[in-house]
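Numbering (our numbering), first residue to last: 9 to 475. Ideal placement from N, C-alpha and C gives every residue a C-beta, glycine not left out.
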Ligand SMILES: [Fe+2]
């Protein structure tokens, strides 16, 4: 057994050891793959060292993968290791996952080749040039939404959806599209969000229809920007992320309508057509002048997943741009809370539960899922809940970092009597009271929403749940 294995066997190495390993033999990130421990084939030798996902050496080159080594990793809670791509082919069952990166017919174009080159260069960093916006957002505390402002955001949203739909149709017909108009749209929402993010999110979720492409793009843009701001992005990066959300899915209009609006669970053939939509999007984005280079990259990668189960290239977390990862989580939340012809929508709380479970399985970046919960709350803004005193309330706002105890508006008392909508005294911050807490999430009135079940958690084709 090598010295590196005994690092795993005996005790966690001290900080100096870790630094020493990192400095002398840091993994070549571009040529490594994160693979599940259970897929390592025992009694096979490795040509290159194995690291944990934090870059700590676990097994030296030339060593044999033993059952004991795998057991020790599992005992330490190490679910994935970084393996050199050459070793992936010879010592894992994930060989087919690598081959899924090879071009699928119709997936390989000059545009994708350029983007693949950027991705493989490892140059996917995002740096702020200004102050993080999260510090400048106005917190409204226990205050209802300003009715006039909310109506204004609703109007802006309806106009923006109609204008965006026109842009998508123009792009489909090969007409030029004004990038400035799209940037203005995200800028307008960003300004409103800085003043009252909860209000904007509640409008976009309530008024938007995720099954309409323009609405979906706007929802993605808002949710993406809100998550990005929570994660510390500055103004410029937040706007770019908003633009990525607005443009990422345009390629869907080139997918045959019979597949796009299918009333059945998609067949393998249908799914290949769906998988092409990021490539179609790239071709459409080519015709828009002045878009930041990150936009096509994010559009290309939105459906990649940290564990390599996504498409079109089955990239892993470290090979996927953070904007694409953020939008991937937003997309999953929207998909889960939207009904499909062949299944019901999940209750917003159930969708959060589902994402938490999937993040623990490395299907989504846990940091991003956490940020989503922080901006929407565990019982998301706009959702309905029952409190421990029997009253019914609607979640109005987040409450700082207390994502399990949001600010709610009481709607009905335990005795069934109703409270006036404009009654500010009916707004309660659950984080500031010990006597009230949520005991149950309720479906949205008038909508058929279901709770989480093990079958739904089972990942099946990009968070489309098949029930
Ligand atoms: Fe998409």
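Just checking residue 394 against ligand 1 - is the residue's beta carbon closer than 7 Å to any of the ligand's heavy atoms? no
For residue 133, does the count of other Cβ atoms within 10 angstroms reach 16, so buried, or fall short, so exposed? exposed
Residue range of the alpha helix (DSSP H) that residue 197 falls in? 187-215
Shell residues, 7 Å Cβ cut-off relative to heavy atoms of ligand 1: 256, 257, 260, 285, 286, 310, 311, 339
The alpha helix (DSSP H) enclosing residue 417, as first and last residue numbers: Element bounds for residue 417: not the alpha helix (DSSP H) but the beta strand (DSSP E), 415-420.
Which same chain residues, not among the five before or five after residue 436, have their C-beta less than 6 Å away from its C-beta? 416
Grab the span of the alpha helix (DSSP H) containing residue 437 for me, first residue to last. Per DSSP, residue 437 belongs to no alpha helix (DSSP H); it is in the beta strand (DSSP E), 435-437.
I'd like to check one pair, residue 449 with residue 399: are the Cβ atoms closer than 8 Å? Contact annotation: residue 399 and residue 449 have beta-carbon atoms that are not nearer than 8 Å.
Under a three-way DSSP split, which group does residue 309 fall into? Helix.
Identify the residues that DSSP records as bridge partners of residue 42: which are they? In DSSP, residue 42 forms a bridge with 90.
Using the Cα positions of residue 130 and residue 431, report the straight-line distance between them to the nearest angstrom. 54 Å
With 16 other Cβ atoms within 10 Å as the buried cut-off, status of residue 302: That one is buried.
Within 8 Å, strictly: CB atoms of residue 218 and residue 137: Going by C-beta atoms, residue 218 is not nearer than 8 Å to residue 137.
Please classify residue 265 as buried or exposed, where buried requires at least 16 neighbouring CB atoms within 10 angstroms. An exposed status is given to residue 265, since fewer than 16 other beta-carbon atoms sit within 10 Å of its beta-carbon.
I need the straight-line Cα distance from residue 108 to residue 319, nearest angstrom please. Any reading at residue 108 must be qualified, since the residue scores a pLDDT of 41, below 50, and its modelled position is unreliable; the value itself is stated next. Near 9 Å, if we compare the C-alpha coordinates of residue 319 and residue 108.
Other residues of its chain near residue 434: CB distance less than 6 Å, five sequence neighbours each side excluded: 417, 418, 427
For the candidate residues 57, 93, 61, 47, whose alpha-carbon lies nearest to that of residue 78? 47
In whole angstroms, give me the CA-to-CA distance for residue 341 and residue 458. 14 Å
Give the straight-line distance between the Cα atoms of residue 453 and residue 387, rounded to the nearest whole angstrom. 15 Å
Which residues in the same chain as residue 53 place their Cβ atom closer than 6 Å to its Cβ, once the five residues preceding and following it in sequence are excluded? 72
Contacting residues, own chain, Cβ-Cβ under 7 Å from residue 377 (five flanking each side not counted): 337, 363, 364, 367
Give the C-beta separation of residue 253 and residue 232 to the nearest angstrom, bearing in mind that I take them to be a contact with Cβ-Cβ under 8 Å. Right, their Cβ atoms sit about 4 Å apart.
In whole angstroms, give me the CA-to-CA distance for residue 423 and residue 157. Rounded to whole angstroms, residue 423 to residue 157 spans 33 Å at the Cα level.
Quick one: is residue 76 buried, meaning 16 or more other Cβ sit within 10 Å of its Cβ, or exposed? Burial call: exposed.
Tell me which same chain residues have a C-beta within less than 6 Å of the C-beta of residue 248, skipping the five on either side of it? Result list for residue 248: 300, 302, in chain order.
My assumption, with CB atoms under 8 Å, is that residue 405 sits in contact with residue 206. Please give the rounded CB distance. Your pair residue 405 and residue 206 checks out as a contact, with CB atoms roughly 4 Å apart and the cut at 8 Å.
Would you call the segment 208-227 in contact with the segment 171-187, where contact means no fewer than 3 C-beta pairs closer than 8 Å? Result yes; three or more Cβ-Cβ pairs closer than 8 Å.
Have a look at residue 104 and residue 59 and give me their C-alpha separation to the nearest angstrom. Caution applies to residue 104, whose pLDDT of 41 falls short of 50 and renders its modelled position unreliable; the model cannot decide the point.
Pop quiz: residue 246 and residue 198 are said to be a contact at Cβ under 8 Å. What is the actual Cβ separation, rounded to whole angstroms? 6 Å
Taking residue 314 and residue 373 to be in contact with their CB atoms under 8 Å, please state how far apart those CB atoms are, rounded to whole angstroms. 6 Å
Please report the distance separating the alpha-carbon of residue 154 from that of residue 395. Each residue's alpha carbon lies about 25 Å from the other.
How big is the Cα-Cα spacing for residue 10 and residue 67? Residue placement at residue 10 cannot be trusted, given a pLDDT of 35 that sits under 50; what the coordinates show is reported in the next sentence. When rounded, the distance between both Cα atoms is 7 Å.
Which of the three DSSP states, helix, strand or coil, is assigned to residue 357? helix
Selected residue, minimal CA-CA separation from residue 162, among 40, 94, 182, 214: 214
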